[in-house]
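Single-structure report; data block below.
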Amino acid sequence: MAGEEANAGNYNAENIQVLEGMEAVRKRPAMYIGDTGERGYHHLVYEVVDNSIDEALAGYCSMIDVVINSDGSLTVQDNGRGIPVDMHPTQHRPAIEVVLTILHAGGKFDGSNYKVSGGLHGVGVSCVNALSDWMKVEVKRGGKIHHIEFSRGHVTKPLEVVGECGDETGTKVTFFPDHTIFTCRAFKWETLCARLRELAFLNRGVTIHFRDDEGDAHHEETFHYEGGIDQFVEYLNANKKPLSPVIHFEGEKEGSTGMVQAEVSFQYTESYTTLEQTYCNNIHTIEGGTHLSGFRRALTATINKYGTENKLIKEKDKVAGEDMREGLTVIVSVKVPQPQFEGQTKTKLGNGEVDGIVAGIVSDKLMTFFEENPAVAKVVIEKTLLACRAREAARAARESTRRKGVMDGLSLPGKLRDCSERDPSKTELFLVEGDSAGGSAQTGRDRATQAILALRGKVLNVEKARVDRVLANQEIRSLITAIGCGFADEWDISKARYHKIVIMTDADVDGAHIRTLLLTFFYRKMPELIEKGYVYLAQPPLYKVERKKKTEYVLTDGDLTSKLLTLGLDDFDVHDKDGQTMPKDKARDFLTLLAEIEATCKMVEERGFDAAVLANDTAQQGSGASMLRKEFSSLSGYGYTPDDWFGGTLSKLLDDVRAHGKQGLSISRFKGLGEMNADELFDTTMNPEKRHMLRVRMEDAVAADRMFTLLMGDEVEPRRKFIEDNALNVRNLDF
Ligand code: 0RA
36 MAGEEANAGN YNAENIQVLE GMEAVRKRPA MYIGDTGERG YHHLVYEVVD NSIDEALAGY
96 CSMIDVVINS DGSLTVQDNG RGIPVDMHPT QHRPAIEVVL TILHAGGKFD GSNYKVSGGL
156 HGVGVSCVNA LSDWMKVEVK RGGKIHHIEF SRGHVTKPLE VVGECGDETG TKVTFFPDHT
216 IFTCRAFKWE TLCARLRELA FLNRGVTIHF RDDEGDAHHE ETFHYEGGID QFVEYLNANK
276 KPLSPVIHFE GEKEGSTGMV QAEVSFQYTE SYTTLEQTYC NNIHTIEGGT HLSGFRRALT
336 ATINKYGTEN KLIKEKDKVA GEDMREGLTV IVSVKVPQPQ FEGQTKTKLG NGEVDGIVAG
396 IVSDKLMTFF EENPAVAKVV IEKTLLACRA REAARAARES TRRKGVMDGL SLPGKLRDCS
456 ERDPSKTELF LVEGDSAGGS AQTGRDRATQ AILALRGKVL NVEKARVDRV LANQEIRSLI
516 TAIGCGFADE WDISKARYHK IVIMTDADVD GAHIRTLLLT FFYRKMPELI EKGYVYLAQP
576 PLYKVERKKK TEYVLTDGDL TSKLLTLGLD DFDVHDKDGQ TMPKDKARDF LTLLAEIEAT
636 CKMVEERGFD AAVLANDTAQ QGSGASMLRK EFSSLSGYGY TPDDWFGGTL SKLLDDVRAH
696 GKQGLSISRF KGLGEMNADE LFDTTMNPEK RHMLRVRMED AVAADRMFTL LMGDEVEPRR
756 KFIEDNALNV RNLDF
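Taken in order, the sequence shown gives residues 36 to 770; the numbers are from this note's numbering.
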């Protein structure tokens, strides 16, 4: 290894410590960063950014610049104090080397301020170094620019001064993850954006600038929120109708391990859902914990007290905490010196004293707020009472059906065609729209392990209904009973009757709508099914392609094009602008690009734009325009211009090759699942040996919540805009 060579000849106790630490991380990367897939890969970035955030929290840094570089590496630059570069008193090496090569040495040496952030694993930037093929660090400090390089955690270029910087200070870390360790290959813009935006909300005033220089996309965003978590709440509620202003409280109190700081920000909306996002030291505590329980306890007690004293809540109203949280969006953010994380995913705050600290801050201030804003208090309590009555009605309805034996799994819904296997880890439930597809699925299925539930008509939009209406809906009752876990208070994941619940809908607008309604239901009412990875989307083929006696099924339009082009190019030569024959591989790439250009032109023209104008005018905005320009810039790599496309030369070439590929083929497009016969449906979509299914994952709760309120909520205009903005991503749908 390069690092070992650089240090060869002067091994001592410290070198061995470094060697062992870095090797330990490389041997068991998952133990240090969670996993070596997409999550771990992005986690590297968070570890580095957290150090800069710490500088900001300590009051020394106002700006953080993150760039995905064109070579796939990533740079984080800040204007903090800069990592110390002087000799370390006991390690006899520059301090920066110690910080970057010794595990857990990332914290400040002087102990003056505890390390506040630190990602989920809080392992420090030395782990990132150990897991990077290379890392380059530049520090501006004491008037000089210092530079040092590493490979896989070992120094390859010792610290040296490379220039002067006046009174500027800061740290710039660039690293390239080691692809022999990670299975992920690239940083995702959306993933990093979500976390950087969240960090900017949580650390009011910090400016985080983010740019993507990889590929042709060139995204760029700046996150800066003077309003901090108040603006976070506004962001989350962007598509909901507010019932109250955003209310903000903060305070701090000495705890057993040092000063605990807490801030909460919340707002009531007309929605029927609750969104509670909690953080400790900038870490999203997905499983909640003592900060959340403290907030809830104070909210319940204060609303009860105010409501009773002002005769808005009567003795007979049996309001529960959950009633008071209907339509509530809240952010709780605490800073705790020595946080304890518990729970299955170690994202539940355990420090007991935080409950009382948060509750104390909220109760005092909320009572004063209600007294000063009686109109808001009244609206909140009215909503609470409505939620309470709906919950009571739902419970009464549930009890009466239970007496009739409908909800207890003893009597399954009549429409369910169950399987014979009883071990849920081996069984699958297919949710199908309509009777004709249901019929094919029933006949084609493997009766031992596959159950079918045919849903008639549209599933209720649970985003717009209170719990009593949800439970009154027949399709939803069938779903609840078939799945077997119960509902709300009685929910029990261990009773799931299937560990695969597969949404199987047509690839058209209606199918997409039903799929969204079902996903909304699962996300809002049975989120644990999604968290556990039990929910899947079936991927039925769009086309049937027959050649001679052979039948093939094709999943997407893109796959069909690619198939036709491959067949078409078999005995068809393509020439470049100079008349030279293109090699087959290149010809294929070229024609694939032409097919993309064709699809994009069609898309923008359907939306009423002139593709030729969009392609040439760089002032034109919108995803269609930039995508087209990107495609034409790739085209210039083959020596062709947009005019060659719009003039017809290239589109004719594409048509010719495709027509050639089509010779002897018979292609039919499936309009819906019902058009497939039972065997076809099983072979292409249900057979575990051959099918393609997508597992639904809860990647980002913030993004998911916003999307569901956007797609299913009341506000029409933002929904229209969302669908228009994303129209390019839904080429497979029959719009
Ligand atoms: C150790 C000590 C000090 C700062 C840092 C590390 C530090 C690390 C990183 C990583 C990225 N940006 C960073 N900025 C600072 C304290 C320095 C002092 O006391 O002057």
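Yeah, the Cβ is synthetic: ideal placement off N, Cα and C, and Gly gets one too. For clarity, every value in this text was computed on a predicted model and none was experimentally measured.
Which residue wins for smallest C-alpha separation from Phe-607, given the options Lys-413, Phe-644 and Leu-688?
Leu-688
Which runs of the alpha helix (DSSP H) fall wholly inside the region 583–629 and span at least 4 residues, in chain order?
592–604
With a threshold of 16 other CB atoms inside 10 Å of the CB of Asn-114, please say whether the residue is buried or exposed.
buried
Would you give the residue range spanned by the beta strand (DSSP E) that Met-98 belongs to?
98–103
Quick one: is Met-170 buried, meaning 16 or more other Cβ sit within 10 Å of its Cβ, or exposed?
buried
List in chain order: all unbroken alpha helix (DSSP H) runs of 4+ residues lying wholly within the region 248–284.
264–271
Who are the Cβ neighbours of His-254 in its own chain at under 6 Å, not counting the five residues just before and after it?
Trp-224 and Asp-247
Assign Gly-674 to one of two classes, buried (16 or more other C-beta atoms within 10 Å of its C-beta) or exposed (fewer than that).
exposed
Cβ atoms of His-727 and Leu-775: under 8 Å apart, would you say?
Because the chain is modelled from 36 through 770, residue 775 falls outside the range shown and cannot be assessed.
Compare the beta carbon distance of Gly-323 and Thr-313 with 8 Å and say whether it is the shorter of the two.
yes
Which value, in whole angstroms, describes the spacing of the CA atoms of Thr-257 and Ala-221?
21 Å
What's the call for Glu-750, buried or exposed, on a 16-neighbour Cβ count within 10 Å?
With fewer than 16 Cβ atoms within 10 Å of its Cβ, Glu-750 is classed as exposed.
Using alpha carbons as the reference points, say which of Thr-325, Ser-328 and Val-354 lies closest to Ile-5.
Nothing in the structure corresponds to residue 5, since the chain is present only between 36 and 770.
Kindly examine the ligand 0RA and report whether one of its heavy atoms sits closer than 7 Å to the Cβ of Val-208.
yes
To the nearest angstrom, report how far apart Pro-372 and Tyr-588 are at their CA atoms.
58 Å
According to DSSP, what are the bridge partners of Ile-131?
Its beta-bridge partners do not exist; DSSP assigns none.
In this structure, how does DSSP classify Asp-33 when only helix, strand and coil are distinguished?
As shown, the chain starts at 36 and ends at 770. That puts residue 33 outside it, with no answer to give.
Helix or strand or just coil, what does DSSP make of Met-742?
helix
Hey, Ser-279 and Val-415 are a contact pair by Cβ (cut 8 Å); roughly how many whole angstroms apart?
6 Å
My parser needs the alpha helix (DSSP H) runs of 4 or more residues fully inside the region 683–735; what are they?
684–697 and 713–716
Cα-Cα, which of Ala-650, Arg-457 and Asn-274 is closest to Glu-666?
Ala-650
Which residues in the same chain as Arg-116 place their Cβ atom closer than 6 Å to its Cβ, once the five residues preceding and following it in sequence are excluded?
Tyr-95 and Thr-204
I'd like the list of long-range same chain contacts for Thr-616, defined as Cβ closer than 8 Å, with 5 residues on each side in sequence excluded.
Once the five neighbours on either side are set aside, the close Cβ partners of Thr-616 are Asp-608, Val-609 and His-610.
Roughly how far, in whole angstroms, is the beta-carbon of Ala-422 from the beta-carbon of Asp-358, given that I think they are within contact range, below 8 Å?
4 Å
Do Ile-243 and Ile-99 have their CB atoms nearer than 8 Å?
yes
Go ahead and pull the three-state DSSP assignment for Phe-556.
helix
According to DSSP, Tyr-314 sits in a beta bridge with which residue or residues?
His-319 and Ser-368
Mind reading off the beta-carbon distance from Cys-454 to Ala-483? Whole number of angstroms is fine, and I expect it under 8 Å.
6 Å
Is Gly-107 closer than 8 Å to Phe-217 when the C-beta atoms are compared?
At a Cβ-Cβ threshold of 8 Å, Phe-217 and Gly-107 do not count as neighbours.
If contacts are defined as beta-carbon pairs under 8 Å, then His-259 and Ala-229 qualify, I think. What distance do you get, rounded to the angstrom?
With 8 Å as the limit, His-259 and Ala-229 do not qualify as a contact, their Cβ atoms being about 16 Å apart.
Identify the continuous beta strand (DSSP E) that holds Leu-194 and give its terminal residues.
189–199
For Glu-468 versus Gly-356, is the C-beta distance shorter than 8 Å?
no
Leaving out five residues before and five after Asn-386 in sequence, what residues of the same chain have Cβ atoms less than 7 Å from its Cβ?
Thr-325, Val-371, Pro-374 and Gln-375
Using three-state DSSP, classify Gly-142 as helix, strand or coil.
Here the model assigns Gly-142 a pLDDT of 46, short of 50, so the residue's position is not dependable and the matter cannot be decided.
Identify the residues that DSSP records as bridge partners of Pro-212: which are they?
Ser-167
Return the first residue and the last residue of the beta strand (DSSP E) that Ala-647 is part of.
Segment 646–651 is the alpha helix (DSSP H) holding Ala-647; no beta strand (DSSP E) there.
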